[in-house]
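Take the sequence shown: its position 133, counted from the start at 1, is 133 in UniProt numbering, and no numbers get skipped.
Every residue gets a Cβ at the ideal spot worked out from N, C-alpha and C, and that includes glycine.
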Amino acid sequence: MATPTPLREPTFLILTALARESMHGYGIVSDVAALSGGRLALRPGTLYGALDRLTDEGLVERDREEVVEGRLRRYYRLTEAGRSVLTAETERLRRNVEAATQRLRARPAGTRTADGTSRGPLTIPGTAARPILRPTGGPA
């Protein structure tokens, strides 16, 4: 079974968590939560189902096992194929963000949208020198 493109967010974040070093299940769950700013909390069944699928697809492999306090910890690592898929998805997302950012910046301040609302300036975080637009009169 081939990995779908685009990757679903949990898959993307699992691969991202494993890009730096091999990790055991709880480490992956914790890292995915941190990477997502707490938006995504993987349950063990979801994680291990995803890891089994990613292993079958050759994107992740078992690295090692160790027993800690009487419990088995199985570590997983990203394969070269997994690194290639993650790199390609990261580039796809980067291009999408760049295209959206350019479109948002291209809309002149004070223009009207299709529904007749006026737009005022909005700044994308990290790009204070380049304002984009948001609807006026609503929440920021």
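Within 10 angstroms of the Cβ of residue i, are there 16 or more other Cβ atoms? Answer buried if so, exposed if not.
i: THR87; result: exposed
i: VAL68; result: exposed
Going straight from the alpha carbon of residue i to that of residue j, what length do you get?
i: ARG20; j: ASP115; result: 46 angstroms
i: THR55; j: ASN96; result: 28 angstroms
i: GLY38; j: VAL29; result: 11 angstroms
i: ARG107; j: GLU89; result: 28 angstroms
i: LEU18; j: ALA81; result: 13 angstroms
Whole-angstrom Cβ separation of residue i and residue j, contact assumed at under 8 angstroms?
i: ARG73; j: GLU65; result: 7 angstroms
i: LEU35; j: PRO10; result: Going by Cβ atoms, the distance from LEU35 to PRO10 rounds to 11 angstroms, so no, they are not a contact pair.
i: ASP63; j: SER22; result: 4 angstroms
Could you give the first and the last residue of the continuous alpha helix (DSSP H) run that contains residue i?
i: ASP56; result: 44–56
The beta strand (DSSP E) spanning residue i covers which residue range?
i: LEU78; result: 71–78
i: residue 184; result: Any question about residue 184 goes unanswered here, given that the chain covers just 1 to 140.
Can you tell which of the options has its C-alpha closest to the C-alpha of residue i?
i: GLY49; options: GLY70, GLY25 and LEU104; result: GLY25
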